[in-house]
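Asks: Line by line, the protein sequences give chains A and B.
Position 161, counted from 1, in the first sequence is what the working numbering calls 161; the numbers after and before it change by one each time, with no gaps.
The number in the working numbering is simply the position in the second sequence, starting from 1, with 220 added.
Below is one structure. I have some questions about it.
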Amino acid sequence: MSYVFNFRDIWAQQDFLLDGIGITLLLSSVTIAAGFVLGAIVASMRVYGGATIRAVSAAYVEIIRNTPLIVQLFIVFFGLPGLGVRLDAMTASLIALTINLGAYTAEIVRAGLEAIPRAQIEAGHSLGLSGLQVFRHVVMFPALKIIYPALTSQFVLMMLATSIVSQISAPDLFHVASIIQSRTFRDFEIYLVVAFIYLALALALRILFAGVGRIAFGRR
Amino acid sequence: MIREFNLVDVYYLVLAARWTLALTVLAFIGGGIVGLLVALLRVAPYRLLRALGATYVAAVQGIPLLAWLFVFFFGLPIMTKVQVSPWIAAMIAYSIYAGAFLGEIWRGCLVAIPPQQWEAGSSLGLSFGQQLRYVIVPQALRIAIPPTVGFLVQLIKNTSLAAVIGFIELTREGQLVNAATYRPFSVYITVAAIYFALCFPLTQLSRNLERRMRVAR
């Protein structure tokens, strides 16, 4: 094997790579926050809503979970302009990612909500807590504690999945990689470097979530 | 000349779905072999082997599938001096990817078997391999089926990413049809509908199997 690796050209592009990392982190954090809120709402609709609301939220979850993210992204970015809704790449990415994560989060949160026994809710009411207080302290908090590991690994997977937005030219880390590739012709090196950056980001995110979990829910 | 998006295009898209399925099947076979190995490493009686399995899983699950595809698509020709087709690059990348996830799923099934079963096996003088083969795996196999079918759905959806290295499957065909007709909304909704038709029955199957198993227990 006589291939000579050359990472110097890529090191020279470090500012550009950092911009890409910034966009990836921005996309991930907004998506995680918005996707979690959407997922929690949809899960509550699915568990406590009437028949129609339940059916609508179930349809949303099933449609999103059974189609690929890249196709959802193409529908939002390439498809919607045909219906008169024109979005820039970043907005389209945020919308598609949030809708996608919302469906996965909804399934996870639903499992948490269903794990809370009815009697516990009734106990909350009998202590004189209001409906909202019961929802917050008796249902949501314990439910979150149960699902926290599943939820956060879904979030890490979502951070990695943001790389797909490079396909509609949103300027994330992976898109930056393809531009560096065309500037330096160092195909192999740039994707190796980017793979390691994602790995580092994923590990950092896992550590962050573990720390947050310890603060929010205490040591087990 | 832009032509209309019509039934012929829908037919093309449905035909392209067989390449999606072909890639899924190949990736599942490759990933199954890797996954089996990973699951065994993860429950091996030596700490070093367990750490090796855990590192593999963490590395694969910490790198986007897109990056795996590009690393193999661009890297293989450089490492082997052979021009690789998107088929080869996709096969390898998906096997590595699916292997980590299947390995984790199957490990979960192996450790779900109560430790007394292992102990009973060893007290009967069975070796580690024999314990696995005659005691643990037959029981783990049953509980492994629903999550494995569930992962198959993930795999079908994720084969859509092979489109970016020029592998012609359902999503790539959608891009080609869109380039000819310029009806992106209709084209991608059709593509999504075909994926849904492939995935939804499997999702339901996985769910039903899981429910039936819960009753059986």
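Built from N, CA and C at the ideal position, the CB exists for glycine as well.
A quick note: this is a predicted structure, and the numbers were derived from the prediction, not measured.
#1: Please classify Phe5 (chain A): is it buried, with 16 or more other beta-carbons within 10 angstroms of its beta-carbon, or exposed?
#2: So, is Val193 (chain A) buried or exposed, given that buried needs 16 or more other C-beta atoms within 10 angstroms?
#3: Using a 10 Å radius around the Cβ and a threshold of 16 neighbouring Cβ atoms, would you call Ser343 (chain B) buried or exposed?
#4: In the DSSP assignment, the alpha helix (DSSP H) including Lys145 (chain A) goes from what residue to what residue?
#5: Leaving aside the five residues before and after Trp288 (chain B) along the sequence, list all residues of the same chain whose C-beta is less than 7 Å from its C-beta, in chain order.
#6: Look at the alpha carbon of Val176 (chain A) and the alpha carbon of Ile23 (chain A), and state the distance between them as a whole number of angstroms.
#7: Taking only the alpha-carbon atoms, compute the straight-line gap between Arg431 (chain B) and Asn226 (chain B) and give it to the nearest angstrom.
#8: I think Leu208 (chain A) touches Leu97 (chain A), with their Cβ atoms under 8 Å apart; what is that distance to the nearest whole Å?
#9: Assuming Pro68 (chain A) and Thr391 (chain B) are in contact, meaning their beta carbons sit under 8 Å apart, how far apart are those beta carbons, in whole angstroms?
#10: Taking 8 Å as the cut-off, decide whether the C-beta atoms of Val357 (chain B) and Gly341 (chain B) are in contact.
#11: Is the CB of Pro68 (chain A) under 8 Å away from at least one CB in chain B?
#12: Can you give me, in chain order, the residues of the stretch 259-270 of chain B that have a beta carbon less than 8 Å from any beta carbon in chain A?
#13: Residues in the same chain with beta-carbon distance under 7 Å from Val156 (chain A), minus the five sequence neighbours each way, listed in chain order, please.
#14: Would Asn66 (chain A) and Phe416 (chain B) be called neighbours here (beta carbons separated by less than 8 Å)?
#15: Met433 (chain B): buried (16+ other C-beta within 10 angstroms of its C-beta) or exposed?
#16: For Tyr198 (chain A), count the other beta carbons within 10 Å of its own beta carbon; 16 or more makes it buried, fewer makes it exposed. Which is it?
#17: Sorted by chain position, which residues of the same chain lie with C-beta nearer than 6 Å to Val384 (chain B)'s C-beta, five sequence neighbours on each side aside?
#18: Which residue's Cα is closest to the Cα of Val263 (chain B): B:Lys301, B:Gly251, B:Leu352?
#19: Hey, does Tyr276 (chain B) have any beta-carbon neighbour from chain A nearer than 8 Å?
#20: Look at the Cβ atom of Val373 (chain B), then the Cβ atom of Thr423 (chain B), and state whether they are nearer than 8 Å.
#21: Assuming Ala412 (chain B) contacts Val165 (chain A) (C-beta within less than 8 Å), just tell me the rounded distance between them.
#22: Shorter than 8 Å from the beta carbon of Glu62 (chain A) to some beta carbon of chain B?
#23: So what's Ser343 (chain B) in DSSP terms, helix, strand or just coil?
#24: Of all the CB atoms in chain B, is at least one closer than 8 Å to the CB of Leu208 (chain A)?
#25: In whole angstroms, give me the CA-to-CA distance for Glu62 (chain A) and Pro171 (chain A).
#26: I'd like to know whether the C-beta of Leu151 (chain A) is nearer than 8 Å to at least one C-beta of chain B.
#27: Threshold first: 4 residues or longer. Then list the alpha helix (DSSP H) segments lying entirely within the stretch 59-135 of chain A, N to C.
#28: When we look at the beta-carbon of Ser48 (chain A) and count the other beta-carbons within 10 Å, is it buried (16 or more) or exposed?
#29: Are the stretch 111-123 of chain A and the stretch 32-51 of chain A in contact at 8 Å, needing three or more beta carbon pairs?
#30: What does the alpha-carbon distance come out to for the pair Asn378 (chain B) and Thr184 (chain A)?
#31: Skipping 5 residues on each side, what residues in its chain have a beta carbon closer than 6 Å to that of Leu234 (chain A)?
#32: Between the C-alpha atoms of Ile365 (chain B) and Leu246 (chain B), what's the straight-line distance to the nearest angstrom?
#33: Between the beta-carbon of Pro306 (chain B) and the beta-carbon of Gly394 (chain B), is there less than 8 Å?
#34: Please look up how many angstroms separate the CB atoms of Arg238 (chain B) and Ala400 (chain B), rounded, as I've assumed it's under 8 Å.
#35: So, is the C-beta of Phe248 (chain B) closer than 8 Å to a C-beta in chain A?
#36: Return yes when the Cβ of Thr52 (chain A) is within less than 8 Å of the Cβ of Thr162 (chain A), no when it is not.
Replies: From the atom records:
#1: exposed
#2: buried
#3: exposed
#4: 141-161
#5: Ala313, Ile316, Tyr317
#6: 10 Å
#7: 41 Å
#8: Their Cβ separation, rounded to whole angstroms, is 19 Å, which puts Leu208 (chain A) and Leu97 (chain A) out of contact at 8 Å.
#9: 7 Å
#10: no
#11: yes
#12: none
#13: Ala202, Leu205, Arg206
#14: yes
#15: exposed
#16: buried
#17: none
#18: B:Leu352
#19: no
#20: yes
#21: Contact flag wrong, Cβ pair sits at about 17 Å.
#22: yes
#23: helix
#24: no
#25: 30 Å
#26: no
#27: 69-74, 89-114, 118-126
#28: According to the sequence displayed, residue 48 (chain A) carries Tyr and not Ser. By the 10 Å Cβ count, Tyr48 (chain A) comes out exposed.
#29: yes
#30: 29 Å
#31: There is no way to answer for residue 234 (chain A), as the model of chain A reaches only from 1 to 220.
#32: 18 Å
#33: no
#34: Not confirmed; about 20 Å, so no contact.
#35: no
#36: no
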